[in-house]
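Here the sequence shown is numbered in this note's numbering, starting from 967 and rising by one per residue.
Cβ atoms here follow ideal geometry from the backbone N, Cα and C, with glycine treated the same way.
Just so we're clear, the structure is a prediction, and the values are computed from it rather than from any experiment.
The structure appears below as structure tokens.
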Amino acid sequence: MTSGAVRRRPGASPLDAAGTDVPVGRPSRWSLLAALVVTVVVTVDLLGRGVLERMDLRVSEVVSAWDLEDSAAYWPVWAVTQLGGRGFILIVLAGLVGYLGWRFRTVVPLVRVLLALVLLTVVVYSFKYGTGRTAPAYPGSFFHRDGASYPSGHVANAVLMWGVARWQVVQYRLAAWVQRTARVLSVAGPVATGVAMVSLDFHWVTDAVVGAAVGLLLLGVVHLLDAVVLSRWVGARAGRSSA
967 MTSGAVRRRP GASPLDAAGT DVPVGRPSRW SLLAALVVTV VVTVDLLGRG
1017 VLERMDLRVS EVVSAWDLED SAAYWPVWAV TQLGGRGFIL IVLAGLVGYL
1067 GWRFRTVVPL VRVLLALVLL TVVVYSFKYG TGRTAPAYPG SFFHRDGASY
1117 PSGHVANAVL MWGVARWQVV QYRLAAWVQR TARVLSVAGP VATGVAMVSL
1167 DFHWVTDAVV GAAVGLLLLG VVHLLDAVVL SRWVGARAGR SSA
């Protein structure tokens, strides 16, 4: 007779009390639908030089008057934008996936991060060069081949990569304080990044909003690909059925 404890194979994901995989941080269908609608509606409005572009211009006029770039507040606010900076987040994730790979003898966290990074790069830069929107530093909002402001890559990066980080630390049941920190970063990181980028007049408001929406959509795609491809591949290698 066994004690009832479940012995997991190296690399297997943590299980809940019922013995099923725990989907951590997976965006709901409604949130993904809302993100898709926001992305489409805002993009169409901007390309049509609609009301949202006029709103962006008014906000930028107010922000420009603050002149944070030439004030003592510049560097502290700029530091906040790095919550969505690829370099800072990848340093954190490198340590995380390195630890998880060593502790659980699995490459799954690394593959998830690499998958997210590839999707982020392809999709965000396709948007940027496809729309060609200029940044607020230009005298107005224009759409031409030299523009690469829309959407905000920093905000998309913050939503997607901090979301993936939270997924990992909760699924692999790291310390409670690590899970709390990841949860805060997954929410506060994108918000703080967007506010800081707009405050410094680096991005338009709609750049930040659609950046968040695109990041959420990509997080949903990573979860989907993990469920239908990656997890089944890992299960097969561990001798488990795909079911």
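Assuming G1129 contacts S1152 under a Cβ cut-off of 8 Å, what Cβ separation, rounded to an integer in Å, is found between them? 5 Å
Residue range of the unbroken alpha helix (DSSP H) whose run includes W1041: Y1040 to T1047
Here's the rule: buried if 16 or more other CB atoms are within 10 angstroms of the residue's CB, otherwise exposed. What is P1156? buried
Spell out the partners DSSP gives F1070 in its beta bridges. According to DSSP, F1070 bridges with nothing at all.
Between which two residues does the alpha helix (DSSP H) holding S1026 run? V1017 to W1032
So the alpha helix (DSSP H) T1147 belongs to, where does it begin and stop? A1142 to S1165
Rounded to the nearest angstrom, what separates L1182 and W1044 at their Cα positions? 23 Å
CB V1194 to CB G1160, shorter than 8 Å? no
G1186 burial status per 10 Å Cβ neighbour count (16 or more: buried): buried
Per DSSP, what kind of secondary structure is F1108 in: helix, strand or coil? coil
8 Å contact criterion, which S1026 and P1075 should meet: CB distance rounded: That pair is no contact at about 39 Å.
In chain order, what residues of the same chain have a beta carbon less than 6 Å from the beta carbon of Y1040, not counting five sequence neighbours either side? L1034
Can you tell me whether R1132 is helix, strand or coil according to DSSP? helix
Taking the alpha-carbon positions, what's the L1012 to S1030 distance? 21 Å
Under 8 Å between C-beta atoms of A1179 and V1004: yes
Name the one or two DSSP bridge partners that R1099 has. F1109
For S1115, the three-state DSSP class (helix, strand or coil): coil
DSSP state of F1168, grouped into three classes? coil
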